[in-house]
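Protein chains in written order, with numbering that gives the first Met the number 0: chain A, 0 to 303; chain B, 0 to 303; chain C, 0 to 303; chain D, 0 to 303.
For every residue, glycine included, the Cβ atom is placed at its ideal position computed from N, Cα and C.
Since this is a predicted model, take the numbers as computed values, not measurements.
4 protein chains.
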Amino acid sequence: MPLSPEQQAEIDELRSQPRETLRSVAPGMEAHLYKALPVLDHGFVRVIDYMGDDAAICQAARVSYGKGTKSVQNDEGLIRYLMRHWHSTPFEMCEIKLHVKLPVFVARQWIRHRTANVNEYSARYSILDREFYIPTPDHVNAQSVVNNQGRGGVLQGAEAARVLEILKADSNRAYDHYEEMISQDGQDGLARELARMNLPANVYTQWYWKVDLHNLFHFLRLRADAHAQYEIRVYADAICKVVADWVPAAYGAFEDYRLGGATLSGKALDCVRRMLKGEAVTQEDSGMSKGEWREFEAVLGGSE
Amino acid sequence: MPLSPEQQAEIDELRSQPRETLRSVAPGMEAHLYKALPVLDHGFVRVIDYMGDDAAICQAARVSYGKGTKSVQNDEGLIRYLMRHWHSTPFEMCEIKLHVKLPVFVARQWIRHRTANVNEYSARYSILDREFYIPTPDHVNAQSVVNNQGRGGVLQGAEAARVLEILKADSNRAYDHYEEMISQDGQDGLARELARMNLPANVYTQWYWKVDLHNLFHFLRLRADAHAQYEIRVYADAICKVVADWVPAAYGAFEDYRLGGATLSGKALDCVRRMLKGEAVTQEDSGMSKGEWREFEAVLGGSE
Amino acid sequence: MPLSPEQQAEIDELRSQPRETLRSVAPGMEAHLYKALPVLDHGFVRVIDYMGDDAAICQAARVSYGKGTKSVQNDEGLIRYLMRHWHSTPFEMCEIKLHVKLPVFVARQWIRHRTANVNEYSARYSILDREFYIPTPDHVNAQSVVNNQGRGGVLQGAEAARVLEILKADSNRAYDHYEEMISQDGQDGLARELARMNLPANVYTQWYWKVDLHNLFHFLRLRADAHAQYEIRVYADAICKVVADWVPAAYGAFEDYRLGGATLSGKALDCVRRMLKGEAVTQEDSGMSKGEWREFEAVLGGSE
Amino acid sequence: MPLSPEQQAEIDELRSQPRETLRSVAPGMEAHLYKALPVLDHGFVRVIDYMGDDAAICQAARVSYGKGTKSVQNDEGLIRYLMRHWHSTPFEMCEIKLHVKLPVFVARQWIRHRTANVNEYSARYSILDREFYIPTPDHVNAQSVVNNQGRGGVLQGAEAARVLEILKADSNRAYDHYEEMISQDGQDGLARELARMNLPANVYTQWYWKVDLHNLFHFLRLRADAHAQYEIRVYADAICKVVADWVPAAYGAFEDYRLGGATLSGKALDCVRRMLKGEAVTQEDSGMSKGEWREFEAVLGGSE
């Protein structure tokens with residue numbers, strides 16, 4: 000259960016006080032505000048604030064297009080056109096602020112997306128809580144044998160049990176020692192900025208993360224992808240649901256052109272053209288490497 | 000008059016429809032929303048949207064500091080502490096979106112601030128209006144004789160009249176020719192993306208500009224400064240008024256620590272220390288160049 | 000002729016003095032250093048400095064992958080893998096610094112690429128030269144009738160002559176007046192920062208532009224594209240030649256996966272799959288709009 | 000000892016092969032190239048590549064100043080002027096690429112500087128080494144009693160010994176378990192991307208980090224500061240030495256205006272002016288809070 004009763008009470012209070020504004024309001028987002036979407040065993044994603052909606056994307060685009068856009072009749076068509084042609088600036092006109100609780104090893108991947116604003120809980124100032132990510136048994140996987148950076152099948156029986164036992168025991172021991180070192184009971188107490196170094200990467204941290212919609216889509220394209228590590232993908236999936244409610248037209252275009260689309264190389268396009276003319280193209284005469292060809296076949300087969 | 004009756008009607012309509020939101024609301028900004036603050040002869044600044052307020056800065060900072068911030072009792076004190084110690088990330092948690100109409104030569108300075116989102120009216124797609132910045136007679140200045148990049152005294156009499164006459168005549172002639180070239184009346188009509196190249200840098204353009212509060216303060220520090228060109232400074236001044244109404248505590252700290260403050264070098268601090276001990280320090284024994292010493296004296300004299 | 004004898008002498012001198020370095024050296028770039036590649040009537044692109052080469056991309060990638068990259072046997076294969084999977088950070092490890100002379104209306108498009116470093120010649124400090132872009136007759140086009148933001152056929156006969164005559168006469172008159180206003184001969188002389196506003200957007204400016212290879216590829220993908228305005232595309236084309244000599248393997252991958260590739264939407268991929276099974280798909284049953292379908296057919300036909 | 004014999008041999012080989020280049024060469028940096036500067040117990044900083052020197056800063060500035068700068072006689076004066084007036088773009092024209100080995104908790108602070116390029120060793124692909132930061136006894140400090148985010152005095156006797164014992168034992172146990180979990184000896188072996196979560200924040204990682212000189216100075220100002228955590232400050236100090244050898248004039252200006260300088264608020268400047276007139280100003284009539292006044296006194300006393 001990621002939320003304490005106090006946190007739930009705070010959320011309930013914030014949600015009980017609607018106020019008047021002249022700004023654009025996205026009804027789908029109002030329903031999300033402040034509520035925590037649980038992710039993993041102790042994590043969550045909470046919408047703290049947002050700016051703009053589908054109409055704001057079009058409004059910004061029409062400043063740049065001015066009177067020339069009369070032919071684009073409706074907002075959804077314009078949004079799909081912008082997404083298809085990589086016109087990213089109108090999507091930057093929407094902004095979202097999230098409160099996220101996440102394991103440190105996930106935070107380390109996440110922060111590599113540089114075009115965002117972040118305020119993280121500081122373990123120099125403050126004491127971290129005793130909260131660690133321990134995977135459920137169906138997410139304790141072996142190293143992949145085909146992909147150096149992925150996981151293979153789920154570990155079974157005694158091996159899985161041993162892994163979970165180690166993760167739990169080491170986390171708890173590390174936290175016991177963390178508390179022991181910073182304690183000022185009968186001793187000076189180690190500085191927090193030093194003591195934190197004993198905590199493993201599955202300890203939870205939290206931050207406020209603010210990003211524009213274009214850069215959020217970029218994050219989601221990479222992190223909601225099947226090749227992303229499961230533990231960050233579940234955060235991306237939770238955010239996808241929020242964005243679908245916030246800017247339905249933009250999210251629809253994102254699903255079609257980015258999540259569901261694929262980029263084909265010049266060589267791959269050439270193969271498609273030959274295949275459509277009836278030619279039986281093989282990897283050997285495709286100009287592609289074996290790896291590329293395997294990926295190309297997956298795209299054509301619909302499994303990618 | 001920068002706004003047409005249609006534009007005024009559109010603004011009036013937008014301002015007549017308050018809606019409910021659960022987000023934080025800044026009353027000082029609601030009063031500004033959509034209204035155009037006139038700048039120069041045809042320009043304006045309009046607030047289109049905003050995210051956050053003084054409390055949002057503190058809320059983000061308190062995620063960072065967690066329990067460690069209890070010692071800072073109130074929001075204003077915390078905000079001043081953050082500003083003083085260059086803790087910029089909490090200020091990034093507020094965002095503003097402006098609609099700005101401005102001459103192209105001002106836009107060219109403005110766009111050099113890279114950490115912002117921009118949608119500009121496109122003269123490839125659309126036809127620009129016949130609107131040019133013509134300075135008022137009290138802002139037609141000579142080249143400065145002390146500063147290569149500034150202006151000196153106001154031009155007088157016949158010289159001033161000649162300048163204004165040239166600017167007006169050339170602007171109008173350029174626009175006549177622009178219209179003539181793109182006209183499809185009895186001819187094919189030149190492409191807009193080519194015709195625009197005949198228009199001078201005092202033609203007005205417009206854009207949506209979205210920026211976070213930290214980067215906005217950076218922009219304002221440089222552009223509301225006495226050394227900034229007058230024509231961009233008046234935009235910065237207009238935005239300063241808006242920000243003071245939006246986040247009064249943050250703006251107060253910005254005024255004290257940035258606009259009203261000064262950075263002293265190690266050499267300058269050393270001179271101050273010697274002077275406070277009663278020593279009569281001169282440029283020759285200050286370790287500073289003549290230019291530095293002049294600026295140092297201006298800071299101590301309060302004229303900088 | 001874009002270079003004066005003094006400039007050519009300066010370049011010759013710089014090229015005559017090789018020095019020793021322990022850094023990686025890209026022979027293809029050494030041949031370009033300082034030389035001006037002419038673009039348009041008075042513009043150029045000059046390589047001032049560079050960092051890294053194809054090997055530096057792989058070296059950085061191998062820090063990421065450590066022992067995991069042993070399976071990718073050679074550098075070219077690794078570079079193609081990185082490009083195909085949008086692993087952009089290793090490409091960011093190469094950097095290039097260019098000196099570019101270009102018309103202001105081109106500079107205004109160019110500067111929208113924010114992730115770069117720029118030092119522009121300042122018309123507040125300095126006096127601009129009498130150099131204006133005047134298109135050659137084969138690049139004076141009509142407004143496109145199918146694309147609001149493009150050009151159609153080349154203007155003919157009297158209309159083309161009139162356009163060129165206007166552009167030349169207005170440029171020269173604007174510059175005469177610019178000189179007249181700033182002159183201090185028998186008058187105070189208007190400040191440069193004001194006088195420049197009389198100059199049209201085809202006046203030439205120049206800047207130093209420094210960018211990493213990943214962001215340069217992004218720039219080239221958009222600006223070397225058939226939909227980019229001709230006057231910026233010729234700069235992108237010139238830079239493409241330089242990059243091909245600098246990092247041949249990375250440029251080859253860029254050509255195949257970006258310039259020569261295409262992104263297909265989920266709907267488009269679905270159509271391809273149906274077509275490969277022998278189905279005759281039409282726009283009506285494709286799920287695509289007419290515009291999308293037209294672009295899709297162009298991709299399959301190889302004309303895009 | 001941070002370098003293995005293989006690494007030292009690789010460095011020696013790279014340093015034995017000077018090549019010819021037409022680019023600008025900084026002799027002070029050539030002496031650093033590839034060599035590892037040891038930091039902490041297993042860390043290092045190595046210069047991998049660089050672009051530009053003091054002259055390159057001036058060259059870029061003079062494009063932006065053009066003919067107007069004849070009065071700035073020499074490069075050092077120009078560089079000091081640029082630094083004093085926050086003209087940051089010419090400093091962006093120099094670039095440095097470092098290979099850094101550092102504990103994860105230091106990497107987490109470091110990465111918050113967003114305007115840089117990073118390639119980190121990936122623990123999804125590769126196996127981390129058994130290397131952990133264990134502080135020397137003189138850097139095992141108590142929590143500060145005056146500053147929530149700092150350290151106080153060095154821990155003594157049994158308490159210090161207990162801390163070091165815990166850090167060593169927990170690190171080794173965590174690594175034993177890490178190895179045990181990923182082992183494929185008689186079991187499937189846990190995926191690396193999961194096993195890494197058991198490792199504490201004092202484990203060493205490494206990355207390539209590339210940054211321009213302006214953003215590097217910003218990093219150094221914050222991280223070479225007395226308030227920065229000791230473990231990142233030693234990296235900043237090592238880099239300061241490198242930069243002083245690379246761009247001596249720019250580093251000198253940075254030392255005087257940034258590291259050795261201080262920003263005074265409007266209120267503080269007002270107090271200085273009153274004090275210089277002979278007035279005895281106290282905190283009560285300064286307009287400053289107690290915290291501000293304490294910092295102000297430290298600046299005037301030279302202890303800040």
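- Bridge partners - Ala261 (chain A), DSSP secondary structure assignment: Bridge partners of Ala261 (chain A) according to DSSP: C:Leu263.
- Message: Distance cutoff 8 Å, beta carbons only. Does Gly301 (chain D) sit that close to anything in chain C?
- Response: No - not a single Cβ of chain C is within 8 Å of the one on Gly301 (chain D).
- Task: Flag Gly76 (chain A) as yes if its beta-carbon sits less than 8 Å from any beta-carbon of chain B, otherwise no.
- Result: No, no contact with chain B.
- Task: Apply the 10 Å Cβ neighbour rule to Ala279 (chain B) and answer buried if 16 or more other Cβ atoms are within range, or exposed otherwise.
- Result: Exposed is the call here.
- Message: Using a Cβ-Cβ distance cut-off of 8 Å, determine whether Ala261 (chain C) contacts chain A.
- Response: Closer than 8 Å to some Cβ of chain A, the Cβ of Ala261 (chain C) qualifies, so yes.
- Query: If you scan the stretch 175-252 of chain C from start to end, which runs of the beta strand (DSSP E) of 3 or more residues do you find wholly inside it?
  - Reply: Listed in chain order, they are 203-211.
- Item | Nearest-angstrom Cβ-Cβ length linking Ala249 (chain B) and Asp40 (chain B), presumed shorter than 8 Å | Beta-carbon to beta-carbon, Ala249 (chain B) and Asp40 (chain B) are separated by about 32 Å, too far to satisfy the 8 Å threshold.
- Message: With a threshold of 7 Å on Cβ separation, who are the neighbours of Val233 (chain D) within its own chain once the five nearest residues in sequence on each side are excluded?
- Response: If we look at Val233 (chain D) and ignore the five residues flanking it on each side, its Cβ neighbours are Val38, Leu39.
- What separation, rounded to the nearest whole angstrom, lies between the Cα atoms of Val103 (chain D) and Glu178 (chain A)? Approximately 20 Å, taken between the alpha carbons.
- Consider the Cβ of Ala227 (chain A): report whether some Cβ of chain B lies at a distance smaller than 8 Å. Judged by the 8 Å Cβ criterion, Ala227 (chain A) is not in contact with chain B.
- Query: Using 8 Å as the Cβ pair cut-off and three pairs as the minimum, do the stretch 195-207 of chain C and the stretch 162-172 of chain C touch?
  - Reply: Yes, the stretch 195-207 of chain C is in contact with the stretch 162-172 of chain C.
- Message: Taking the alpha-carbon of Gly265 (chain B) as reference, which of D:Leu258, D:Gly27, D:Ala115 has the nearest alpha-carbon?
- Response: Among D:Leu258, D:Gly27, D:Ala115, the Cα nearest to that of Gly265 (chain B) is on D:Leu258.
- At a cut of 8 Å, does the stretch 182-191 of chain A reach the stretch 144-164 of chain A through at least three beta carbon pairs? Result no; under three Cβ-Cβ pairs closer than 8 Å.
- Could you work out which residues of chain C lie near Val24 (chain D), taking near to mean beta carbons separated by less than 9 Å? The contacting residues are Arg18, Glu19, Thr20, Arg22.
- From Glu283 (chain B) to Ser121 (chain C), what does the alpha carbon distance come to, in whole angstroms? The straight-line gap from Cα to Cα measures roughly 33 Å.
- Message: Measuring only the C-alpha atoms, how far is Asp224 (chain C) from Val99 (chain C)?
- Response: Between Asp224 (chain C) and Val99 (chain C), the C-alpha separation is close to 20 Å.
- Task: Determine the DSSP secondary structure at Val153 (chain C), reduced to helix, strand or coil.
- Result: In the structure shown, Val153 (chain C) falls within a strand segment according to DSSP collapsed to helix, strand and coil.
- Task: Output, in chain order, the set of chain D residues within a Cβ distance shorter than 8 Å of Leu221 (chain A).
- Result: Chain D residues near Leu221 (chain A): none, gap ~14 Å exceeds 8 Å.
- Could you name the residues that DSSP lists as bridge partners for Asp53 (chain A)? For Asp53 (chain A), DSSP assigns no beta-bridge partner whatsoever.
- Going along chain B in order, which residues have a C-beta closer than 7 Å to the C-beta of Gln205 (chain A)? What Gln205 (chain A) touches in chain B: Val62.
- Task: Would you identify the three-state DSSP class for Arg18 (chain C), choosing helix, strand or coil?
- Result: Three-state DSSP puts Arg18 (chain C) in a strand.
- Item | Reduced DSSP secondary structure (H/G/I, E/B, other) of Gln148 (chain D) | Gln148 (chain D) sits in coil when the DSSP states are folded into three classes, being neither helix nor strand.
- Those runs of the beta strand (DSSP E) which lie wholly inside the stretch 55-127 of chain A and span at least 3 residues: Restricting attention to beta strand (DSSP E) runs no shorter than 3 residues, the stretch 55-127 of chain A encloses them at 94-102, 116-119, ordered along the chain.
- Task: Under 7 Å between beta-carbons, which chain B residues line up against Asp255 (chain D)? List them in chain order, please.
- Result: Neighbours of Asp255 (chain D) on chain B, chain order: Ser264, Gly265, Lys266.
- Message: For Ser23 (chain D) and Ala55 (chain D), I'd like the C-alpha separation in whole angstroms.
- Response: Cα-Cα distance, rounded: 8 Å.
- Query: Under a three-way DSSP split, which group does Asp169 (chain A) fall into?
  - Reply: In this structure, Asp169 (chain A) counts as helix in the three-state DSSP scheme.
- Message: To be precise: take each residue of the stretch 174-187 of chain A, compare its Cβ to all Cβ atoms of chain D, and keep it if any distance is under 8 Å. Which residues remain?
- Response: Against chain D - using a Cβ distance shorter than 8 Å - the residues of the stretch 174-187 of chain A are His176, Glu179, Met180, Ile181, Gln183, Gln186, Asp187.
- Query: Mapping DSSP to helix, strand and coil, what is Val44 (chain D)?
  - Reply: Strand.
- For the stretch 76-92 of chain D and the stretch 9-16 of chain D, state whether three or more C-beta atom pairs, one from each stretch, are separated by less than 8 Å. Too few Cβ pairs lie closer than 8 Å, so no.
- Does the Cβ-Cβ distance between Gln148 (chain A) and Arg123 (chain D) come in under 8 Å? For Gln148 (chain A) and Arg123 (chain D), yes; Cβs fall inside 8 Å.
- Query: Can you name the residues of chain C whose CB is closer than 8 Å to the CB of Glu291 (chain A)?
  - Reply: The contacting residues are Arg79, Arg83.
- Counterpart residues of Phe295 (chain A) in DSSP-defined beta bridges: None, per the DSSP bridge assignment.
- Collapsed DSSP secondary structure at Gln142 (chain A) in the structure displayed: Strand.
- Query: Roughly how many angstroms separate the alpha carbons of Leu2 (chain B) and Ser87 (chain B), rounded to a whole number?
  - Reply: Rounded to whole angstroms, Leu2 (chain B) to Ser87 (chain B) spans 36 Å at the Cα level.
- Query: Going by C-alpha distance, which of C:Asn214, C:Asp236, C:Thr20, C:Arg61 is nearest Pro26 (chain D)?
  - Reply: Considering only C:Asn214, C:Asp236, C:Thr20, C:Arg61, the residue with the shortest C-alpha distance to Pro26 (chain D) is C:Thr20.
- Item | Three-state secondary structure (DSSP) of Leu2 (chain B) | Here Leu2 (chain B) sits in coil by DSSP.
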